[in-house]
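Number of protein chains: 6
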Amino acid sequence: MKICRRETFNAAHRLFRSEWSDEKNREVFGKCSHPNYHGHNYVVEVFVDGPIDPITGFVIDLKVLKTLIQEEIIERFDHRNLNLDCKEFEGINPTTENIAVVIWQLLRKKIDAKFGLEVHVAETEKNKVIFGGE
Amino acid sequence: MKICRRETFNAAHRLFRSEWSDEKNREVFGKCSHPNYHGHNYVVEVFVDGPIDPITGFVIDLKVLKTLIQEEIIERFDHRNLNLDCKEFEGINPTTENIAVVIWQLLRKKIDAKFGLEVHVAETEKNKVIFGGE
Amino acid sequence: MKICRRETFNAAHRLFRSEWSDEKNREVFGKCSHPNYHGHNYVVEVFVDGPIDPITGFVIDLKVLKTLIQEEIIERFDHRNLNLDCKEFEGINPTTENIAVVIWQLLRKKIDAKFGLEVHVAETEKNKVIFGGE
Amino acid sequence: MKICRRETFNAAHRLFRSEWSDEKNREVFGKCSHPNYHGHNYVVEVFVDGPIDPITGFVIDLKVLKTLIQEEIIERFDHRNLNLDCKEFEGINPTTENIAVVIWQLLRKKIDAKFGLEVHVAETEKNKVIFGGE
Amino acid sequence: MKICRRETFNAAHRLFRSEWSDEKNREVFGKCSHPNYHGHNYVVEVFVDGPIDPITGFVIDLKVLKTLIQEEIIERFDHRNLNLDCKEFEGINPTTENIAVVIWQLLRKKIDAKFGLEVHVAETEKNKVIFGGE
Amino acid sequence: MKICRRETFNAAHRLFRSEWSDEKNREVFGKCSHPNYHGHNYVVEVFVDGPIDPITGFVIDLKVLKTLIQEEIIERFDHRNLNLDCKEFEGINPTTENIAVVIWQLLRKKIDAKFGLEVHVAETEKNKVIFGGE
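Residue numbers (our numbering), protein chains in the order written: chain X, 25 to 158; chain A, 25 to 158; chain F, 25 to 158; chain R, 25 to 158; chain B, 25 to 158; chain G, 25 to 158.
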């Protein structure tokens, strides 16, 4: 049984590698490398996998999961610049793929290892990624 | 190959355990334990997994699947109070998790065992569960 | 210039007139008159109409509007039974139309008369109403 | 008869007034005034109002309207920082309200005056504005 | 007070004028004039405007409106070729604009003149029209 | 890590087997066998599965995937009649299942074998299929 909680945050970012020239960055990352940043409404879906507790009928209390996502993810990244403000992305290009990995790692530390964990992140209506751990 | 049919029903429910005090119920289930019930537009997605029939090009006839969901699930639960009206939830807390299990069990009896079956139930835009059998 | 804030609440309700027989209620209100209630995820969109403040660039501060909807509407109706728990519907059938009128009246008292006000309420993906005052 | 075309763009922005202190900006604009910007997937709906051409059955050719929105709005603002990159917002706080006014003014110059024009801009799933001209 | 009912139908169509050459049709209607037709999932929203009945709390019974749309619109156009199968479009180019006019005219005959009527038709996620009568 | 790109195309189709009578076709395929075709807005989601490139932070460049879907799928099927115009469906009933298989096969040839590939196709808001290869 998997349960899923959906939350959103709004952030600025830029894709580039500091050791590359502007031309190389533009060639590889296109308009996503624009120097003054752009931004997205990120949609995060967190899937937790485990057995149903026979007493409560819950896999995990969604109020607890909601609070966890709020504290670990939304408060950290909402209305932030992922490149400039967030140490989690130091040296890491904030692609949707890497955002999903970072979110998965932050939540994995806080969710009991007996539960499976999968993170979906959508950057736009057309682009999303799914990460379930290495 | 998996095919999916999406249907909806509207029902009232309440989360609580009768052997617990009101305080304990409120502590564990929060506002979901409110005594006079509240309700949701439940979204059910039924996934059936099997090979494509080379004659029809169907895994399963969606008209048949639609009718089955209508008769077994929608007519049973739509515009009902899951706690008071539905014997399927006698002694079972109608959490989204348990609703998915009940729907899966009802459909599993009616869908040929050669097909895989997975049920997704969304309670709100933010909460959903996925159940594919024990 | 109109601005809109969207919020949701989950409630139980039943359509019926107490002076009518069960048969008459079933005839007029169909399965919506089921005695043990059913429920919905209500989607509320509040439109406020006015000029842009040249200093802030806002018609009205959306944080203020969000808090107002939260306090006046969501806390009042979320996870409630509209028929049994909410004095606003005493003697009033909680149709989507009447829910929109009640929400409009509650907000109208709290929003400066210099602003226009329109309330949209959706009961399901297929049914919604729009109310802008008498 | 009104026709509507929907497009999206992704941009960074920040709400603040340069003559105010950081404290004052934070007080009025909250986390939207964060100095390093944040961003959104903006959804733009452009409504054009006019009679149906009896030959084509069109109010206006949607391919023409699509190209116009693309050239005037999307190429100008997509993957940009509205505060730093876009002269249209020099001295103008890039609130959703002001974004709608700027888009309306840019399109109004390019769409024949015989047509009505209304612009809807959504900043998030919960916030949107509607502007139809002064 | 306006109430709205949403329904969908799936149809094939082609935009062209029979008195024009293929080149002229392609020039004006682009890929929409492709001779072997293409198709859409049309979304129809019907808005009915009137006072709330003090007895029922309804503007109009949505079951009645649903049945009317089903009988007059969906059964007529669903899984049809608008150009070849539907006499309502004889000599009329089945643009979204004209589809909205035809639907409005069909429903206007069946809905009491004391009610206002507005029809929204979406052809895709990006294109829609609104028609409220001449 | 899976990434997903969503695109849409609009096409006409008809479900039938040429060796069957009209009655047999109607019996098996219902209104989907209507001789003059009907149509849909097909939604295609392409999932590509692989490791994150440590240099770019991408599994696969979404601009490349977008262009590939555009060239191989959208240009081929958009505004077409799948039965009459598309050799890929010669002798193949264009059910959603078979459309997903055809799209998967077309993309599989063009995407490096080191990547996993899964295709989701939705025919309507209620019907979709998932295909990940034999």
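Using N, Cα and C, we set each Cβ at its ideal position, and we do this for glycine too.
State the DSSP-derived secondary structure class of residue i, mapped to helix, strand or coil.
i: V125 (chain A); result: helix
i: G22 (chain A); result: The first residue shown for chain A is 25 and the last is 158, placing residue 22 (chain A) beyond what the model contains.
i: V72 (chain A); result: strand
i: F155 (chain F); result: strand
i: N107 (chain F); result: helix
i: T91 (chain R); result: helix
i: E31 (chain X); result: strand
i: N49 (chain G); result: helix
Please compile the residues from chain A whose C-beta is within a distance smaller than 7 Å of the C-beta of residue i.
i: N151 (chain F); result: Under the 7 Å cutoff, chain A gives no residues; its nearest Cβ is about 10 Å from N151 (chain F).
Should residue i be flagged as near chain F, meaning a C-beta pair shorter than 8 Å?
i: R29 (chain A); result: no
i: T119 (chain R); result: yes
Using only the heavy atoms of the ligand PLP, determine whether one of them is closer than 7 Å to the beta carbon of residue i.
i: G54 (chain G); result: Inclusion of the ligand PLP in the displayed structure is not the case, the ligand content being empty and no account of it being possible.
Quick one: is residue i near chain B, going by C-beta distance under 8 Å?
i: R39 (chain G); result: Contrary to the premise, residue 39 (chain G) reads as Leu rather than Arg in this sequence. No, no contact with chain B.
i: D46 (chain G); result: no
i: T80 (chain F); result: no
Can you find a CB in chain R that lies within less than 8 Å of the CB of residue i?
i: I127 (chain B); result: no
i: I116 (chain B); result: yes
Return the Cβ separation of residue i and residue j in integer angstroms, given the expectation that the two are a contact with Cβ distance under 8 Å.
i: Y66 (chain G); j: E147 (chain G); result: 6 Å
i: G140 (chain X); j: V72 (chain X); result: 7 Å
i: C28 (chain R); j: E69 (chain R); result: 5 Å
i: V83 (chain G); j: I76 (chain G); result: 6 Å
i: V125 (chain R); j: F113 (chain R); result: The Cβ separation is near 11 Å, so there is no contact.
i: H64 (chain B); j: A35 (chain B); result: 7 Å
i: H37 (chain F); j: L106 (chain F); result: 4 Å
Does the CB of residue i have a neighbour CB from chain A at under 8 Å?
i: I154 (chain G); result: yes
i: V161 (chain G); result: The question about residue 161 (chain G) has no answer here: the residues shown for chain G are numbered 25 through 158.
i: H103 (chain F); result: yes
Could you name the residues that DSSP lists as bridge partners for residue i?
i: C168 (chain X); result: No answer is possible for residue 168 (chain X): the residues shown for chain X start at 25 and end at 158.
i: N65 (chain B); result: B:N34
i: V83 (chain X); result: Paired residue(s): none; V83 (chain X) is not in a bridge.
i: K134 (chain B); result: Its beta-bridge partners do not exist; DSSP assigns none.
i: K26 (chain F); result: F:D73 and R:I154
Using a C-beta cutoff of 8 Å, does residue i count as contacting chain X?
i: I123 (chain G); result: no
Residues of chain F with CB under 7 Å from residue i, in chain order?
i: I97 (chain B); result: Residues of chain F passing the Cβ test: none, with the nearest at roughly 14 Å.
Identify the contact partners of residue i in chain B, using a Cβ-Cβ distance below 9 Å as the criterion.
i: H64 (chain G); result: N34, G63, H64 and N65
Please compile the residues from chain X whose C-beta is within a distance smaller than 7 Å of the C-beta of residue i.
i: K87 (chain G); result: G54
With a threshold of 8 Å between beta-carbons, can residue i be considered close to chain G, or not?
i: T91 (chain B); result: no
i: D109 (chain B); result: yes
i: I76 (chain A); result: yes
Name the chain F residues that come within less than 9 Å of residue i, Cβ to Cβ?
i: L130 (chain A); result: Here the premise fails: no neighbours, minimum Cβ distance about 19 Å.
Could you work out which residues of chain G lie near residue i, taking near to mean beta carbons separated by less than 7 Å?
i: V83 (chain A); result: E121
Given that residue i touches chain R, what residues does it touch there, using C-beta distances under 9 Å?
i: R100 (chain X); result: None at all; the shortest Cβ gap to chain R is about 12 Å.
Please list the partners that residue i has in chain B, where partner means a Cβ-to-Cβ separation under 7 Å.
i: K26 (chain R); result: V153 and I154
Residue i versus chain A: which residues are under 9 Å apart at the beta carbon?
i: N60 (chain F); result: A36, Y61, R104, N105, N107, L108 and D109
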